[in-house]
Amino acid sequence: GVLVNSIAPGSISHEGGSWERFQRDQPREVVDEFIKNNLPMGKFGDPEPLGDLVAFLASERASLISGACIVIDGGQSHSMI
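Per our numbering, the very first residue in the sequence shown carries number -7; after that it's consecutive.
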């Protein structure tokens, strides 16, 4: 059968991405303040865990996971509540 899932990433910094530009273009104090106020784990996320999750969801080991939205944001969405 067809399994359909989604991934909801948080602030992921990667080469050429908007968060990389933000970190490069803003004064260090602005970046530090953003991280302090918005990223509970104290850093931007890396893309590798997203790839790991995609690989897992595409594997046979995830054969019972369907209709899920998996949040991978280092607690960022919980800090907004």
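The beta carbon of each residue, even a glycine, is placed where N, CA and C say it ideally should be.
Pairwise C-alpha distance: residue j and residue i
i	j	result
G9	G(-7)	35 Å
N30	P19	17 Å
E25	P32	12 Å
V22	I4	17 Å
G2	S55	25 Å
I(-1)	E52	18 Å
A60	F14	31 Å
Start and end residues, alpha helix (DSSP H) containing residue i
i	result
I27	20 to 30
Beta-bridge partners of residue i, as assigned by DSSP
i	result
A0	V63
Simplified DSSP state of residue i, which is helix, strand or coil
i	result
G37	strand
Q68	coil
A50	coil
G8	coil
G43	helix
Pair every Cβ in the segment 31 to 48 with every Cβ in the segment 58 to 68, then say whether three or more of these pairs are closer than 8 Å.
-> yes
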